[in-house]
Amino acid sequence: MSVTVRVPAKVNVQLAVGAARPDGFHDLANVFLAVGLYDEVTVTAADGLRVTCAGPDADQVPLDRTNLAARAALVLAERYGRDADVHIHIAKDIPVAGGMAGGSADGAGALLACDALWGTGASREELLDICAGLGSDVPFSLVGGAALGTGRGEKLTELEVGGSFHWVFAMASRGLSTPAVFREFDRLGEGREIPEPVASQELLDALAKGDVDALAAAVSDSNDLQPAALSLFPELADTLAAGRAAGALATLVSGSGPTTAFLARDAESADVIAGALRASGTCRTVRRAAGPAPGATVV
Ligand code: C5P
């Protein structure tokens, strides 16, 4: 018997970052939007725990117990006093190490799939709690749609979205490590007062109304990690400029990067921006996706 779960990627339409906490994490006001780029995680009963992966970036995915999908299966099995005897197969379409929560998606997907396969009957709260233990972005991968994440990003409040937004994503030629980007954020902020992170009301209103112009105005400069990502990866400025020149209403680094995100007025404009980015030679691949998209779903 097998269970397959489909899980979306995300873009952070706002990422307000506070000062480093004593535990090394940073308090955030993190506005997540799930977008229609998906990984599919299939779990099948097996003799032991095994992870396989297929897709364009599959060679960059760890297949050992550091993979969040394997960790999700182990944590759930431990809680329910059973062995994690499953073959987890990841059909990977979300870019790896791109700031789009691809690893988190696989963690949430494997958790939901194992839960269904084993019939554990875990509550939604319990699944969300396990997700938070796996990583700051994993609860959102389960929930999808749009949400405000506070704390280190794991405490979620679901948000209303009044329409669908068209995005283009440009994947970079190399990855960026999330801890390294946070460290660079700390370094750039040294000696400065870092304000408490707060969600922008203007941005939440723009999402609720489905107003693309208002969202475009609100997302510029909304990612506090963007200067740190650009400092570690200066060439990203060329990608942002190419998308802006092609008519993107707003351009931003997605999360800790290095994927860059471009908000388009409509599907036609997204096609034009995607074509221009492909021709620009400033990125590795280009994808289009609309959001919000549903969270982890058994298919
Ligand atoms: O929670 P997750 O394992 O995804 O976090 C990866 C790393 O990103 C952390 O070890 C930390 O360095 C950094 N991080 C942070 N503050 C957050 C989330 C992540 O400093 N709120």
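Anchor point for the sequence shown: position 174 equals 190 in the numbering used here, and the numbering is continuous, going up by one each time. Ideal placement from N, C-alpha and C gives every residue a C-beta, glycine not left out.
Bridge-paired residues (DSSP) for residue i
i    : result
P24  : Y54
T276 : A186, V269
T173 : L164
L44  : V33
L49  : V27, A162
R140 : In DSSP, R140 forms no bridge with anything.
P155 : Looking at the DSSP assignment, P155 forms no beta bridge with any residue, so it has no partner.
F181 : G307
N239 : L31
T255 : The partner list for T255 (beta bridge, DSSP) is empty, contrary to what the question assumes.
R66  : H103
T60  : S18, H103
T11  : With the chain covering 17 to 315 only, the question about residue 11 has no answer from this structure.
V314 : V21
Rounded straight-line distance, which links the Cα of residue j to that of residue i
i    : j    : result
N46  : V29  : 8 Å
L204 : R66  : 41 Å
D227 : A280 : 12 Å
R199 : M17  : 44 Å
F185 : L248 : 19 Å
I210 : L223 : 26 Å
E170 : V112 : 21 Å
A35  : R208 : 10 Å
S236 : V21  : 34 Å
G165 : A295 : 36 Å
R303 : R95  : 38 Å
P72  : G291 : 20 Å
G114 : E206 : 26 Å
C299 : G97  : 46 Å
I106 : C69  : 5 Å
G329 : G137 : Within the shown structure, residues of the chain are numbered from 17 to 315, placing residue 329 beyond reach of any answer.
L288 : V315 : Inspection of the sequence shows that residue 288 is occupied by Val rather than by Leu. Distance between the alpha carbons of V288 and V315: 32 Å.
T301 : T276 : 11 Å
Near the ligand C5P: residue i beta-carbon under 6 Å from a heavy atom
i    : result
S402 : Examination of residue 402 is not possible in this model, given that the chain is present from 17 through 315 alone.
G151 : yes
H105 : no
R87  : no
L164 : no
F198 : yes
L44  : yes
F156 : no
R3   : In the structure displayed, the chain extends from 17 to 315; residue 3 sits before or after that span and is not available.
R22  : no
R66  : no
F41  : yes
R81  : no
G169 : yes
Beta-carbon separation (whole angstroms), residue i vs residue j, contact threshold 8 Å
i    : j    : result
V57  : V102 : Wrong, their Cβ atoms sit about 10 Å apart, outside the cutoff.
K108 : D55  : 5 Å
P213 : L44  : 5 Å
V154 : A124 : 5 Å
Along the chain, which unbroken stretches of the alpha helix (DSSP H) at least 4 residues long are found entirely within the region 95-152? With a minimum length of 4 residues, the continuous alpha helix (DSSP H) runs that stay inside the region 95-152 are 118-134, 140-150.
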